[in-house]
Structures are given as structure tokens and as C-alpha cells.
Amino acid sequence: MFEDYFRQYALLIIFAVAAVTVPIGMLMMSYMAQFVKIRPSRPNAVKESAYEGGMPPFSDRPARFNFRYYHYALLFVIFDVETVFLFPWAVKYGVMSSQFGFAALTAVLVFLLIVTFAYVYAWRKGALEWVTNQ
Numbered sequence: 095m096f097e098d099y100f101r102q103y104a105l106l107i108i109f110a111v112a113a114v115t116v117p118i119g120m121l122m123m124s125y126m127a128q129f130v131k132i133r134p135s136r137p138n139a140v141k142e143s144a145y146e147g148g149m150p151p152f153s154d155r156p157a158r159f160n161f162r163y164y165h166y167a168l169l170f171v172i173f174d175v176e177t178v179f180l181f182p183w184a185v186k187y188g189v190m191s192s193q194f195g196f197a198a199l200t201a202v203l204v205f206l207l208i209v210t211f212a213y214v215y216a217w218r219k220g221a222l223e224w225v226t227n228q
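If you read the sequence shown in the numbering used here, its first letter stands for residue 95, the second for the next number, and so on.
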């Protein structure tokens, strides 16, 4: 019983161990390489400063940005996830239609209807307008 259980999860355990040991090993090798002079360490002010496109930063605090960027990003993620759900369905629709019949199409039509209502709602609320007319 236990052997079957371990056999099923052996690859997962091996992958998890490799996922932890490989990055740690790479970091340790990089750290040790500076002592062997394979990777020299010569810190200075220019190397330790944050790269800002060739210009020194104007202030220590980050600049404020328009909330609409965040809003657009959320809308993009929502409608991108729709595509992620639709693509596998479209690839396997021929097989599913022979097994499930009209139910396979109905489920996706309901999903598309909900997403369409969400799009219309966002449009009516003005979420897709960059400049508001106020």
C-alpha cells in the first residue's frame, strides 16, 4: 500500500527536491566563486545605484501613477482568462460534442454570456474610457 503511494508521488518529490536544491546550489556556487576570483567583486557607488534609464532618480519615494493603469490591467486579466478557458474548449469541441451533445455548447454559451455582460457593464460604467467626460 505505502509503496504504491510513494511510487505515485516519487516524481513530484524528486521535482520538489530539485526545485529547491538547484537554485540554492547556484547561489552558493556564485558566492564561492568570488573567493576563488572567478567572479571578482569590486563594489562602487555606480554599481550599487538603481538603474533609472541613465538618469539619477529625482526623489526617494516612488512616483504616483494613475489608477486607470491598474484598472486596465485588471480588465485585461479578466478577459485574458476568458481566452485561456475558451482555447482548450475550442480545441476539444469536436470530441466533446459527440460525447455531451448540445450541453457542451450550452455551457460555453452561458460562460460567454456572463463575460459579455461583464464587458457591457464595464463599458457602461466608463471603465474603458481613458479620459472621463466630467
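Ideal Cβ positions, reconstructed from N, Cα and C, are used throughout, including at glycine.
DSSP, reduced to helix, strand and coil, places GLN102 within a helical segment of the structure shown. Fully contained in the stretch 114-169 are the following alpha helix (DSSP H) runs of length 4 or more, in chain order: 139-142. The stretch 157-167 and the stretch 185-204 do not touch, with fewer than three beta-carbon pairs separated by less than 8 Å. Taken atom to atom, the span from the alpha-carbon of VAL175 to that of ALA157 is near 30 Å.
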